[in-house]
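Trainee: Here it is, the structure in full.
There are 2 protein chains.
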Amino acid sequence: MTRRITAADIAEAAGVSRATVGFVLNNTPGQKISDGTRDRVLSAASRLGYRPHRAAQTLARGRSRLVLLVLPDWPLDHSMRQYLEEAAHTLDEAGYSLVTYTRHPGDQSRPLWESLDPDVVVGFGAFDTETVASLRASGITKIYPNPDHQPDEAAASSVTTGTCLQVEHLHGLGHRRLAFAGTTDPRLSSLKGQRLATARECARRLGLDDPAARDVDHRDDSATKAVAEWRAQGVTAVVAYNDDIAATVAGAALRAGLSVPGDLSVIGHDDSPLAAMFVPALSSVRMDTIGVGRHVAQEALHLADGRPAPGGAPDVAANLVPRESTATPRG
Amino acid sequence: MTRRITAADIAEAAGVSRATVGFVLNNTPGQKISDGTRDRVLSAASRLGYRPHRAAQTLARGRSRLVLLVLPDWPLDHSMRQYLEEAAHTLDEAGYSLVTYTRHPGDQSRPLWESLDPDVVVGFGAFDTETVASLRASGITKIYPNPDHQPDEAAASSVTTGTCLQVEHLHGLGHRRLAFAGTTDPRLSSLKGQRLATARECARRLGLDDPAARDVDHRDDSATKAVAEWRAQGVTAVVAYNDDIAATVAGAALRAGLSVPGDLSVIGHDDSPLAAMFVPALSSVRMDTIGVGRHVAQEALHLADGRPAPGGAPDVAANLVPRESTATPRG
DNA sequence: ACAGCCCACTAGCACGCGCAAGTTATAGTG
DNA sequence: CACTATAACTTGCGCGTGCTAGTGGGCTGT
Chain A
1 MTRRITAADI AEAAGVSRAT VGFVLNNTPG QKISDGTRDR VLSAASRLGY RPHRAAQTLA
61 RGRSRLVLLV LPDWPLDHSM RQYLEEAAHT LDEAGYSLVT YTRHPGDQSR PLWESLDPDV
121 VVGFGAFDTE TVASLRASGI TKIYPNPDHQ PDEAAASSVT TGTCLQVEHL HGLGHRRLAF
181 AGTTDPRLSS LKGQRLATAR ECARRLGLDD PAARDVDHRD DSATKAVAEW RAQGVTAVVA
241 YNDDIAATVA GAALRAGLSV PGDLSVIGHD DSPLAAMFVP ALSSVRMDTI GVGRHVAQEA
301 LHLADGRPAP GGAPDVAANL VPRESTATPR G
Chain B
1 MTRRITAADI AEAAGVSRAT VGFVLNNTPG QKISDGTRDR VLSAASRLGY RPHRAAQTLA
61 RGRSRLVLLV LPDWPLDHSM RQYLEEAAHT LDEAGYSLVT YTRHPGDQSR PLWESLDPDV
121 VVGFGAFDTE TVASLRASGI TKIYPNPDHQ PDEAAASSVT TGTCLQVEHL HGLGHRRLAF
181 AGTTDPRLSS LKGQRLATAR ECARRLGLDD PAARDVDHRD DSATKAVAEW RAQGVTAVVA
241 YNDDIAATVA GAALRAGLSV PGDLSVIGHD DSPLAAMFVP ALSSVRMDTI GVGRHVAQEA
301 LHLADGRPAP GGAPDVAANL VPRESTATPR G
């Protein structure tokens, strides 16, 4: 059990004062250090294997340089992991660390932000009022998205660009009557609402009928009912909230003896592995979440440091991935 | 911008010394505090909304009470999230916080354990030597699983109990020639190896032929080739590494004009949503990961605190979930 | 009455670091 | 030459807590 190397050890090894070590290591602005001294300190630090004590730094400067990202408790697919990676990387370059945290509904233990005191707390979509209250009570003032602002259009667009691609794809294939299949998961309802609205808007712009909307769950017969209803209404193609929902709809159609895409085209969203593995393989939309991750990280840095805000919406590249589950309508 | 409430504020409000406040708040063993004083301190603390400064505590006692869980970078499904939730909860009850971290292959930024100095770092499966070196260099000594020990039988069993269920299920249905479908993902290769070995062992015990093993990837034609080969060998049922692999195999069989389960039974593992949504719905095995999460948390506490080790293997409840993709073999 | 003892507390240092204020030596200026 | 300005440091305080080493007062026993 060897003692920890502190800045004082470096100071002694380099023959300077502790303060000088601090100035060199943080290259503190407004401090003149000669090259010789700087080198001596730096080499001593690396020779001794110095690592700053995070807690001591936090205590001394009053900021933890931690950004807490609060995740939804739904499964994290690959694109989400990329998002996290990019955000963590951007923050790391700025000297901050990203810590992720998932708050579960029935969780009575104190949330992590109470004990970690992060400089910034970032969420997916807006925080609910209860959470905001808990954050405020913990002394956290820097929150993104800002709970005092209305959710802005720009941010919303990043979440719905793919939906238009779905609609346009089906329109391009010649479909005229579309339906929208949503999820029953309450945690996703706000996102679902945005995507449904976008689908409506895009359909209108393309001169299509207003899509019939239904929520679907793979654990009951809601998909079977929805498919029957849609067939009766002359719907030939379904825009699904995500690939899981697309699979549920396609599955119900297949079990009802319909052909996919012959009788019903189905398109998913997110391009999860499931989309490629399903039979028939599901057409989908792949989102480039990396741009979003960087954007969010920059917003967090803006709040933490006061450095300039990225401004505008994150750039999301959405790409259509056509597969077997969509085709021109029969007849 | 109001000042933070410190223990000194409470001391003043309660008319006692700062030390007394500390004793009351941590109810330090071996310290006698009269009931009156205790009440005054406690009520002052709650009245002022005191929350201890984590960094200061960390600095003062030399331990951060943070447990860092290093996650693999594959997608986190629902059972994994449950695992995390349970581990976090168990740790929380003991006054520790769980922080998760994903290290990505191409990530050149410093790993989170360098800056967070957690008391314990916990991994999934064993850490590779490079990672262990990085941990050691960061002064982290408490690592689970212990890198100095050989992976023990008990831990391995928790990861393979489900595999036997798969084999037994197919055996019970009357299958005699099985195959094992693995993943090509190198990150999963060690786990795959364990499951394959288990499948072999269980097959042997049941008097079955040694299963033919093949790795399969949904992005190429490996599954198609594997299915053709297995058919030629008289294989009637496939044990898949997980549900994704099961879907890939089942998909290849369907595309080859075979019937599932008529010509080929397929069983997956993990009971992911995909299994339920696939057509035909995939039989699978559901693991109770909650028990494992608690076990791991207790191991971490054992390392952190010296409290008794849980001992033995975590209790994993594995349940068979029979669906449409498995049936008695034809003929 | 006085030592001895326990109870219920207090004084104060240590943890490792950031940073404001002070100090010394040297160069520059009228 | 006296004086100021600057470079290149050093001294030392403060961040909020945990915890060890006291400290005084009341009670008991002889």
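Chains A and B, in that order, are what the protein sequence lines are. Going by my numbering, the first sequence opens with residue 1, and the numbers climb by one from there. Going by my numbering, the second sequence opens with residue 1, and the numbers climb by one from there. Ideal Cβ placement from N, Cα and C applies to all residues, glycine included.
Hey, quick one: how far does the alpha helix (DSSP H) through Leu84/A stretch, first residue to last?
Mentor: Taking the first residue of the first sequence as 1, we reach residue 84/A at position 84. Unbroken alpha helix (DSSP H) run through Leu84/A: His78 to Glu93.
Trainee: Return the CA-CA distance between Glu299/A and Leu112/A, expressed in angstroms with no decimal places.
Mentor: One-based indexing of the first sequence puts residue 299/A at position 299. One-based indexing of the first sequence puts residue 112/A at position 112. Taking the straight line from one Cα to the other gives about 21 Å.
Trainee: CA-CA distance, Ala179/A and Pro280/A?
Mentor: One-based indexing of the first sequence puts residue 179/A at position 179. One-based indexing of the first sequence puts residue 280/A at position 280. Approximately 19 Å, taken between the alpha carbons.
Trainee: With DSSP collapsed to three states, give me the class of Asp215/B.
Mentor: What you label residue 215/B is simply residue 215 of the second sequence in a count that begins at 1. DSSP places Asp215/B in strand when its eight states are reduced to three.
Trainee: Kindly say whether Glu85/A, judged by its beta-carbon, lies nearer than 7 Å to any beta-carbon of chain B.
Mentor: As a first step, residue 85/A must be located in the first sequence, where it is residue number 85. Yes, Glu85/A counts as interfacial toward chain B.
Trainee: Check the Cβ of Asp77/A against every Cβ in chain B and list those closer than 8 Å, keeping chain order.
Mentor: For the purposes of this step, residue 77/A is taken as the residue at position 77 of the first sequence. Under the 8 Å cutoff, chain B gives Pro75.
Trainee: So is Met277/B in contact with chain A if we call contact Cβ pairs under 7 Å?
Mentor: One-based indexing of the second sequence puts residue 277/B at position 277. So, interface residue.
Trainee: Name the residue from Arg51/B, Ala297/B and Thr2/B whose alpha carbon lies nearest to the alpha carbon of Val21/B.
Mentor: Position 21 of the second sequence, counted from the start, is the residue given in the question as residue 21/B. Among Arg51/B, Ala297/B and Thr2/B, the Cα nearest to that of Val21/B belongs to Arg51/B.
Trainee: In the DSSP assignment, the alpha helix (DSSP H) including Asp35/A goes from what residue to what residue?
Mentor: Taking the first sequence and counting its residues from 1, the one referred to as residue 35/A is at position 35. Here the alpha helix (DSSP H) through Asp35/A covers Asp35 to Leu48.
Trainee: Is the region 194-205 of chain A touching the region 155-172 of chain A, taking contact as three or more C-beta pairs under 8 Å?
Mentor: yes
Trainee: What's the gap between the Cα of Pro308/B and the Cα of His78/B?
Mentor: Counting from 1 along the second sequence, the entry for residue 308/B is found at position 308. Counting from 1 along the second sequence, the entry for residue 78/B is found at position 78. So the alpha carbons of these two residues sit roughly 30 Å apart.
Trainee: Alpha carbons only, please: which of Ala252/B, Asp263/B and Gly251/B is nearest the one belonging to Ala237/B?
Mentor: Translated into the one-based positions of the second sequence, residue 237/B becomes position 237. Residue Asp263/B is the option with its Cα nearest to Ala237/B.
Trainee: Between the Cα of Gln150/A and the Cα atoms of Pro329/A, Phe127/A and Arg18/A, which residue gives the shortest distance?
Mentor: Numbered from its first residue, the first sequence carries residue 150/A at position 150. The option with the nearest alpha carbon to Gln150/A is Phe127/A.
Trainee: Within the 7 Å Cβ cut-off, does Thr58/A reach chain B?
Mentor: Counting from one through the first sequence, the residue named residue 58/A turns up at place 58. So yes, Thr58/A belongs to the interface.
Trainee: Per DSSP, Phe180/B forms a beta bridge with which residues?
Mentor: Residue 180/B sits at position 180 when you count from the first residue of the second sequence. In the DSSP assignment, the residues bridged to Phe180/B are Ala213/B and Val239/B.
Trainee: From Ala181/B to Tyr241/B, what does the alpha carbon distance come to, in whole angstroms?
Mentor: The residue you call residue 181/B lines up with position 181 of the second sequence. The residue you call residue 241/B lines up with position 241 of the second sequence. Straight-line Cα distance between these residues: approximately 6 Å.
Trainee: The alpha helix (DSSP H) that contains Asp305/B, what's its start and end?
Mentor: In the second sequence, the residue the question calls residue 305/B occupies position 305. Under the DSSP assignment, Asp305/B falls in the alpha helix (DSSP H) whose first and last residues are Thr289 to Asp305.
Trainee: Could you have a look at Thr100/A and say whether DSSP puts it in helix, strand or coil?
Mentor: Mapped onto the first sequence, residue 100/A falls at position 100. Three-state result, Thr100/A: strand.
Trainee: Quick one: list the residues of chain A neighbouring Glu130/B, beta-carbon separation under 8 Å, in chain order.
Mentor: The residue you call residue 130/B lines up with position 130 of the second sequence. Residues of chain A passing the Cβ test: none, with the nearest at roughly 17 Å.
Trainee: Whose CA, out of Asp210/A, Asp209/A and Val249/A, lies closest to the CA of Lys225/A?
Mentor: By 1-based counting over the first sequence, the position of residue 225/A is 225. Taking only the C-alpha atoms, the option nearest Lys225/A is Val249/A.
Trainee: Using a Cβ cut-off of 8 Å, which residues of the region 198-219 of chain A contact any Cβ in chain B, in chain order?
Mentor: The region 198-219 of chain A vs chain B, Cβ under 8 Å: His218 and Arg219.
Trainee: For Ser115/B, go through chain A and note every residue whose CB falls closer than 7 Å to its CB, in chain order.
Mentor: Reading the second sequence from its first residue, position 115 is the one you call residue 115/B. The answer, in chain order, is Arg54 and Ser97.
Trainee: Nearest CA to the CA of Pro310/A: which residue from Leu301/A, Ala318/A and Ala317/A?
Mentor: As a position in the first sequence, residue 310/A is number 310, starting the count at 1. The option with the nearest alpha carbon to Pro310/A is Leu301/A.
Trainee: Over what stretch of residues does the beta strand (DSSP E) that includes Leu206/B continue unbroken?
Mentor: Residue numbering aside, residue 206/B sits at position 206 when the second sequence is read from its first letter. Premise fails: Leu206/B is in no beta strand (DSSP E) and is neither H nor E.
Trainee: So, for Val99/B: in the same chain, excluding its five sequence neighbours on each side, which residues have a beta-carbon less than 8 Å away from its beta-carbon?
Mentor: Within the second sequence, the letter at position 99 stands for residue 99/B. Around Val99/B: Leu66, Val67, Leu68, Leu69, Leu112, Leu116 and Pro118.
Trainee: Since I believe Arg18/B is in contact with Ala11/B (beta carbons under 8 Å), could you give me their beta-carbon distance rounded to a whole number of angstroms?
Mentor: Your numbering for residue 11/B matches position 11 in the second sequence. Your numbering for residue 18/B matches position 18 in the second sequence. That belief holds up - the Cβ atoms of Ala11/B and Arg18/B are roughly 5 Å apart, short of 8 Å.
Trainee: At a Cβ cut of 8 Å, what residues of the region 239-255 of chain B count as close to chain A, listed as they run along the chain?
Mentor: Asp244, Ala247, Thr248, Ala250, Gly251, Leu254 and Arg255
Trainee: Looking at C-alpha atoms only, which residue of Gln233/B, Ser222/B, Ala232/B and Gly174/B is the closest neighbour of Gly207/B?
Mentor: Stepping through the second sequence from its first residue, residue 207/B is reached at position 207. For the residues Gln233/B, Ser222/B, Ala232/B and Gly174/B, the minimum Cα distance to Gly207/B belongs to Gly174/B.
Trainee: Consult DSSP for Val260/B and reduce its assignment to one of helix, strand or coil.
Mentor: In the second sequence, counting from the first residue as 1, residue 260/B sits at position 260. Looking at Val260/B - three-state DSSP - the assignment turns out to be coil, as it is neither helix nor strand.
Trainee: Count the other CB atoms within 10 Å of the CB of Thr102/B; is the residue buried (16 or more) or exposed (fewer)?
Mentor: For the purposes of this step, residue 102/B is taken as the residue at position 102 of the second sequence. Under this definition Thr102/B is a buried residue.
Trainee: Quick check: Gly388/B and Ala318/B, are their CB atoms within less than 7 Å of each other?
Mentor: The question about residue 388/B has no answer here: the residues shown for chain B are numbered 1 through 331.
Trainee: Using the Cβ count rule (16 or more neighbours within 10 Å means buried), how would you classify Arg81/B?
Mentor: Locating residue 81/B in the second sequence gives position 81, counting from the first residue. The residue is buried, with at least 16 neighbouring Cβ atoms inside 10 Å.
Trainee: Counting only beta-carbon atoms, is Leu112/A nearer than 7 Å to chain B?
Mentor: Residue numbering aside, residue 112/A sits at position 112 when the first sequence is read from its first letter. By this cut-off, Leu112/A is an interface position.
Trainee: Below 8 Å CB to CB, which residues in the same chain sit around Thr326/A once its five sequence neighbours on both sides are set aside?
Mentor: Numbered from 1 along the first sequence, position 326 holds the residue referred to as residue 326/A. Result list for Thr326/A: His169, Leu170, Leu173, Ala237, Pro261, Ser265, Val266, Ile267 and Ser283, in chain order.
Trainee: Asp39/A: buried (16+ other C-beta within 10 angstroms of its C-beta) or exposed?
Mentor: The residue you call residue 39/A lines up with position 39 of the first sequence. With fewer than 16 Cβ atoms within 10 Å of its Cβ, Asp39/A is classed as exposed.
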